[in-house]
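Contents: one structure, followed by commentary.
Number of protein chains: 2
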Amino acid sequence: MISQTEENYLKALYSLTYLKGDANVNEISKRLDIKMPTVNSMMKKLADKGFVHYESYKPLRLTEEGKKEAALIIRKHRLTEMYLFQKMGFAWDEVHQIAEQVEHIHSPEFFSKMDELLGYPTVDPHGSPIPDQNGVMPLENYVFLNTCKAGDMVTLMAVQPSSKELLQYLTAKNLELGTTLTIKSIEPFDESLTVAYKDRPIEVLSSKVTSTLLVRVITGLA
Amino acid sequence: MISQTEENYLKALYSLTYLKGDANVNEISKRLDIKMPTVNSMMKKLADKGFVHYESYKPLRLTEEGKKEAALIIRKHRLTEMYLFQKMGFAWDEVHQIAEQVEHIHSPEFFSKMDELLGYPTVDPHGSPIPDQNGVMPLENYVFLNTCKAGDMVTLMAVQPSSKELLQYLTAKNLELGTTLTIKSIEPFDESLTVAYKDRPIEVLSSKVTSTLLVRVITGLA
DNA sequence: TTATTTTGTTAGTTTAATCTAACTTGTTAG
DNA sequence: CTAACAAGTTAGATTAAACTAACAAAATAA
Ligand SMILES: [Mn+2]
Ligand SMILES: [Mn+2]
Ligand SMILES: [Mn+2]
Ligand SMILES: [Mn+2]
Chain A
1 MISQTEENYL
11 KALYSLTYLK
21 GDANVNEISK
31 RLDIKMPTVN
41 SMMKKLADKG
51 FVHYESYKPL
61 RLTEEGKKEA
71 ALIIRKHRLT
81 EMYLFQKMGF
91 AWDEVHQIAE
101 QVEHIHSPEF
111 FSKMDELLGY
121 PTVDPHGSPI
131 PDQNGVMPLE
141 NYVFLNTCKA
151 GDMVTLMAVQ
161 PSSKELLQYL
171 TAKNLELGTT
181 LTIKSIEPFD
191 ESLTVAYKDR
201 PIEVLSSKVT
211 STLLVRVITG
221 LA
Chain B
1001 MISQTEENYL
1011 KALYSLTYLK
1021 GDANVNEISK
1031 RLDIKMPTVN
1041 SMMKKLADKG
1051 FVHYESYKPL
1061 RLTEEGKKEA
1071 ALIIRKHRLT
1081 EMYLFQKMGF
1091 AWDEVHQIAE
1101 QVEHIHSPEF
1111 FSKMDELLGY
1121 PTVDPHGSPI
1131 PDQNGVMPLE
1141 NYVFLNTCKA
1151 GDMVTLMAVQ
1161 PSSKELLQYL
1171 TAKNLELGTT
1181 LTIKSIEPFD
1191 ESLTVAYKDR
1201 PIEVLSSKVT
1211 STLLVRVITG
1221 LA
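Heads up: the sequence lines are chains A and B, in that order.
At position 87 of the first sequence the residue is numbered 87 (the working numbering), and the sequence of numbers has no breaks.
Start counting at 1 in the second sequence, then tack on 1000, and there's your number in the working numbering.
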């Protein structure tokens, strides 16, 4: 059996390694706000259980088994977020805290019922993909808004990472998933973007914001 | 902060003391399948925290604070059961296992949302009353079916205790909450009841069953 | 009423998950 | 290249929640 604590370490390691492929003790320590020696011994334990590749002083990686286990927890998290959002009427900035707890419930029936009632969703309320029942994470081929060019027309697909504060900022700006934006110009000094969307002809987005917004490019300058 | 483990002890003590007023270490030990010395030290800890009246070798009682705390956990349990039953389509014998886990989630918003979506229910799918937000348990003035007389007409209001096996038995017998039964006769030897309900003119219910069925008496013999 | 059984308590051990302090290894800046 | 700093590890302590073994008190049966 895998404990709630171990699940949280696996999830942290999964998200830290998602792009880079590996992570280190210090990163997990900061992410979970747990001291390094504690993380170190937990990594050894998870290695014993076959979830983590651990070698002294080397970067950490999840085994295939560990990746699957982590993805299945993330699946429960994101299904829960979607359920809270779509079926219970919570706002997109309220669902994460509750899902952090619900994700640890052991009941395949509970989560497959959610899945069914939601019509087998593929993304959570923040646009993040929901892994399938086998722990396979769907690929997303979006780009961050701060990598786009002036003149591009893009659709907002996901927010990552999605802090409560950021989500509230976006809500206040009337920016939501599916919103199409046109990039009017890019300020070279601070990389802020002037954009237009919906009934708002001029809005300025800082790079702190644009580096979290994943978009699909619809049209660029020829 | 109160741990999940402590919550389970409080809940056990609440239900064991509900009728008699007190309980003892051995009963909790059996109920939770935890050895007596462990229960003993947990009772001392809960006494330190102000939830339990503990004196060596004397029966255990909850303090008012302890009662309230326990009732609020039971509230979360029963709201969850009702939500799973009414909004997610689970059967009445499937909801308890999931609720055992969900009841420990710390999120007032989550449970008040359930409450609201359910229209502020007063009973769970097994007819057990749902305590209010202040931890006040509504009184139920039902009687057990095995205390009724031949000729009585009664309505099934609750099942207590409601094991999965019992609930499945009742479902198979087409007996559900709200069903009205007429007591045809009582067998003195084993206290089994011959009853009629719905389209079933003759069904025999053993005392093992009738001692768990709470009913409201509609009419008795004059 | 005494003996036996049941229940309750104490003492000490174990495991999981955390910590601090101290030391080692690896990385970076001068 | 070495000194300093950052990151990783080891050792040992702490707390929560469980256990077993042994003993004490209370309840029950003979
Ligand atoms: Mn989330
Ligand atoms: Mn979590
Ligand atoms: Mn999310
Ligand atoms: Mn229940």
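We put the CB at the ideal spot given by N, CA and C, even for glycine.
All of these numbers come straight from a predicted model, not from anything done at the bench.
Of the residues the options, the one placed nearest residue i, counting alpha carbons only
i        : options                                   : result
F144(A)  : V204(A), L166(A) and V217(A)              : V217(A)
G1066(B) : S1112(B), Y1014(B) and S1056(B)           : Y1014(B)
L1072(B) : T1180(B), Q1097(B) and S1107(B)           : S1107(B)
Y1057(B) : T1180(B), D1022(B) and K1076(B)           : D1022(B)
A1150(B) : L1214(B), E1081(B) and A1196(B)           : A1196(B)
E109(A)  : V1095(B), S1162(B) and T1080(B)           : V1095(B)
T1122(B) : D1152(B), Y1083(B) and N1146(B)           : Y1083(B)
E176(A)  : S185(A), L166(A) and K30(A)               : L166(A)
S1112(B) : Q1097(B), K1173(B), P1131(B) and G1127(B) : P1131(B)
V102(A)  : M36(A), L10(A), K76(A) and A91(A)         : K76(A)
F1189(B) : T1212(B), P1201(B) and S1206(B)           : S1206(B)
T1219(B) : R1078(B), A1172(B), D1152(B) and V1159(B) : D1152(B)
N1146(B) : P1129(B), A1172(B), T1182(B) and K1164(B) : T1182(B)
R31(A)   : L213(A), K184(A), M1(A) and L16(A)        : L16(A)
Y1120(B) : M1043(B), L1079(B) and D1093(B)           : L1079(B)
S1211(B) : D1048(B), L1046(B), E1187(B) and C1148(B) : C1148(B)
Residue i versus residue j - alpha carbon distance
i        : j        : result
V1136(B) : Y1142(B) : 18 Å
L1118(B) : A1099(B) : 16 Å
V39(A)   : N1008(B) : 29 Å
S1041(B) : T1005(B) : 13 Å
L1139(B) : L1019(B) : 12 Å
G89(A)   : T1194(B) : 48 Å
N24(A)   : A70(A)   : 17 Å
E116(A)  : S192(A)  : 42 Å
Q1086(B) : V1209(B) : 25 Å
P1125(B) : N1134(B) : 21 Å
V1052(B) : L60(A)   : 46 Å
S162(A)  : E81(A)   : 13 Å
N174(A)  : R200(A)  : 9 Å
E27(A)   : L10(A)   : 13 Å
S1128(B) : M1114(B) : 17 Å
Q160(A)  : M1001(B) : 32 Å
D93(A)   : Q168(A)  : 7 Å
E55(A)   : E64(A)   : 17 Å
K1164(B) : E203(A)  : 58 Å
Enclosing alpha helix (DSSP H) for residue i [first to last residue]
i        : result
A1047(B) : M1036 to D1048
P108(A)  : P108 to L118
M1137(B) : Segment: none, M1137(B) is in no alpha helix (DSSP H) and carries neither H nor E.
S1185(B) : Segment T1180 to I1186 is the beta strand (DSSP E) holding S1185(B); no alpha helix (DSSP H) there.
T1194(B) : Careful: T1194(B) lies outside any alpha helix (DSSP H), inside the beta strand (DSSP E) at L1193 to Y1197.
Close beta carbons around residue i, own chain, < 7 Å, minus the five adjacent residues each side
i        : result
H1104(B) : Q1004 and E1007
Continuous beta strand (DSSP E) stretch holding residue i: start and end
i        : result
V25(A)   : Where V25(A) is concerned, there is no enclosing beta strand (DSSP E), although the alpha helix (DSSP H) it sits in stretches over V25 to L32.
V1123(B) : Careful: V1123(B) lies outside any beta strand (DSSP E) and carries neither H nor E.
K155(A)  : According to the sequence displayed, residue 155(A) carries Thr and not Lys. Note, T155(A): beta strand (DSSP E), M153 to V159.
Contact set for residue i: own chain, Cβ-Cβ below 8 Å, skip 5 residues either direction
i       : result
T179(A) : T155, L156, Y197 and K198
At a CB distance below 8 Å, what residues from the segment 1063 to 1081 of chain B approach chain A? Give them in sequence order. none
Under 9 Å (Cβ pairs) to chain B, residues found in the segment 84 to 102 of chain A: L84, K87, M88, G89, F90, E94, Q97, I98, Q101 and V102
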